[in-house]
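Here our numbering is used: the first residue of the sequence shown is 256, the next is one more, and so on.
Notes for the one structure printed next.
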Amino acid sequence: MKTESWFQVVKLLKEQQGVDALHEVMRVLLTQEEQDAIGSRLAIMRALLSGEESQREIARRIGVSITKVTRCSNYLKTLSDTEMAMIEQI
256 MKTESWFQVV
266 KLLKEQQGVD
276 ALHEVMRVLL
286 TQEEQDAIGS
296 RLAIMRALLS
306 GEESQREIAR
316 RIGVSITKVT
326 RCSNYLKTLS
336 DTEMAMIEQI
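Right, dumping it as C-alpha cells:
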C-alpha cells in the first residue's frame, strides 16, 4: 500500500503544469518542517558531492546535525552509478 500511495504522489506531481502549480501542491502536501527537511537534504547532497567542505562544515553552514549529514553521506554510498548521475544533475 505504501508503494502505491507514493506512486500516486509522484503521478500528482508529474501532472502539474509549471513551477507555481507544483509549488502549491507541495505546500499543501507537506508541512513547513517537511519542506525544510527536503530542502536541507538536497543542500547536504550537493555539498557532499562537491567535496569542498567537511561534514562538520556542511552541518554548521546548513544548520543541521552532523548526524543528518553522516546519514546522507552513507545513503549516497548505497546509490548506483545511474542514481548518482541523476543526483549530480539536480
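Quick reminder that beta carbons are idealized off the backbone N, C-alpha and C, glycines included.
Looking at the structure shown, is residue i part of a helix, part of a strand, or coil, going by DSSP?
i    : result
Q272 : coil
I345 : coil
V414 : No answer is possible for residue 414: it lies beyond the span of the chain, which begins at 256 and ends at 345.
E338 : helix
E279 : helix
E308 : coil
Label residue i either buried or exposed according to how many other C-beta atoms from any shown protein chain fall within 10 Å of its C-beta, with 16 as the threshold for buried.
i    : result
V324 : buried
A276 : exposed
I321 : exposed
V319 : buried
I293 : exposed
M300 : buried
A340 : exposed
L297 : exposed
I313 : buried
Just to confirm the assignment, what range does the alpha helix (DSSP H) spanning residue i have?
i    : result
E288 : 287 to 305
T333 : Unbroken run through T333: none, as it is neither H nor E.
Practice problem: Please determine if the stretch 280 to 289 and the stretch 256 to 271 are in contact, where contact requires at least 3 C-beta pairs separated by less than 8 Å. | Solution: yes
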